[in-house]
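Taken in order, the sequence shown gives residues -16 to -1, 1 to 326; the numbers are from mature numbering (1 follows the signal peptide of the UniProt record, and there is no 0). All C-beta atoms, glycine included, are put in the ideal place defined by N, C-alpha and C. As the structure is a computational prediction, the values presented were derived from the model and not from experiment. I have placed the structure first, in the form of structure tokens, so that the comments after it can refer back to it.
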Amino acid sequence: MKKLYAILLTPLMLLASCDSDVSSSNQMTSTNSTDTNYQYHLIAPKGAPGLSYYSFLEKENYTVEISSPSNVIAAFSSSDYDAIIFDLTKGANFIKQGKKYKLARLVTSSNAYLVSIGNKPADDEVSNEDKIVSFGTNSLFTGLLKKVHNLDEVIEVSDVATAYQVASSGLYEGEKVDYVVLSEPYVSQLIDNNPTSRYLKEDISQSYYEYSKQLGLNGGEGYKLFPQAGLFISENLENNQGAVTSFLQDFDKNLNDLANNDAKEAIACLERLNDYDIQANFNMSLELIKEVLNQETNPLNLANAMGFTSTSFDINGFIEEAGIEGITPIPSSAFSKYSNLK
């Protein structure tokens, strides 16, 4: 059995197959669709997007790393990885700088929410008078929030786990904050732990949809989602037709299950991984994953609350019309020939 490496690269032995039989609208076809001898090495940051690797966790020819954002960034400079999941616009910037990966899929979208700490009235308008904390560096969703509310400044911390700590304490560098931007499953976890003092102020995707529609963007339809995590594949994998086709077929099945099938296959798979530390690898327990991915049990009552995306999307059309400072269109050379994006 092949070794599986987690964030500390501790070998874990897993017991049962987690192949999904869910069909996908993005499924690729090829006369050479499998390569059982290819040894795949995948990496993703801790958090929701990495769940899209779930069916690979027990395949003998796959090594899956769920690691820190800094380690994932370093992976772009390495030739050791076949596929990387990371922030789509930041990953595209790495490609522009010469990193030898190609954008193949949009993995998650629209998973960013403004949470109130409870210091302002529920009907209070978000404004420059508020102290708001988001996460990442020049994150797309932070830029969208600033556009919608005409904000001059939003503080950004390094990652969503740090933003969650701010939301839990209500403090940033010892000072009170009013709102914090979080993604799922952190929103549900926060509300579960603080049911009387923390609440959803705004779904950034919904507010930007209304804003963009009012401006007549996307042909007057507005944008119902915004891109977040992307899948990047190595040139080595790109050039192996059998290996890349096999991988993307299974990856698309995973996305379709997570986005459209209430994650039934993913949850069943994770339940079988008795020796796999889900909490340590994904920064969330299996019970929290079940709660958030079930529309009837997550506090926001949202279907597909983590924003998995199994459809194609016009990335550059969105970027050009959104006009977020520091985020520019992606050159055609950065897209995989197997990409369903443009």
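- For lysine 130, the CB contacts under 7 Å within the same chain, skipping 5 residues up- and downstream, are Val138 in chain order.
- Each of Met290, Ile314, Leu35 was checked against the Cα of isoleucine 299, and the nearest Cα belongs to Ile314.
- The beta strand (DSSP E) runs of length 3 or more contained entirely in the segment 159 to 230 are, from start to end of the chain, 163 to 166, 183 to 187, 213 to 218.
- Between the segment 22 to 35 and the segment 65 to 73 there are three or more C-beta pairs closer than 8 Å, enough to call the two in contact.
- Residue state for alanine 67 is assigned as strand, using DSSP reduced to three classes.
- Using a Cβ distance threshold of 8 Å, leucine 166 and alanine 147 count as a contacting pair.
- DSSP places threonine 47 in the uninterrupted beta strand (DSSP E) bounded by 46 to 51.
- With a cut-off of 8 Å on Cβ pairs, the segment 282 to 296 is not in contact with the segment 40 to 54, counting fewer than three such pairs.
- Non-local beta-carbon contacts of glycine 203 in its own chain, meaning distances under 8 Å to residues more than five positions away in sequence, are absent.
- The beta carbon of glutamine 263 sits closer than 7 Å to the beta carbons of Ser269 from its chain, once the five residues preceding and following it are set aside; these are given in chain order.
- Per DSSP, the unbroken alpha helix (DSSP H) holding alanine 145 starts and ends at 144 to 153.
- If you draw a 10 Å sphere on the C-beta of threonine 121, you find fewer than 16 other C-beta atoms in it, and that means exposed.
- In the three-state scheme derived from DSSP, where H, G and I count as helix and E and B as strand, glutamate 304 is classed as helix.
- The Cβ atoms of leucine 242 and leucine 35 lie closer than 8 Å to each other.
- In the DSSP secondary-structure assignment, leucine 257 is not bridged to any residue.
- Boundaries for glutamate 275: no beta strand (DSSP E) harbours it, while the alpha helix (DSSP H) harbouring it runs 270 to 277, taken from the DSSP string.
- CA-to-CA, the gap between threonine 92 and lysine 104 works out to about 31 Å.
- The closest CA to that of lysine 237, considering only Ser294, Gln225, Cys253, is found on Ser294.
- Counted as a single uninterrupted DSSP element, the beta strand (DSSP E) harbouring isoleucine 116 occupies residues 116 to 119.
- Take the alpha-carbon of leucine 209 and the one of threonine 281: they are about 23 Å apart.
- The C-alpha of serine 191 lies about 9 Å from the C-alpha of leucine 128.
- Here glutamate 168 has Ala32, Asn95, Val276, Ala289, Met290 as same chain residues with Cβ atoms under 7 Å from its own Cβ, once five neighbours each way along the sequence are excluded.
- The segment 250 to 262 and the segment 156 to 164 do not touch, with fewer than 3 CB-CB distances between them shorter than 8 Å.
- In the three-state DSSP reduction, tyrosine 85 falls in the strand class (E or B).
- Exposure of alanine 106 is indicated by the presence of fewer than 16 other C-beta atoms within 10 angstroms of its C-beta.
- Under the three-state reduction of DSSP output, glutamate 140 falls in the strand class.
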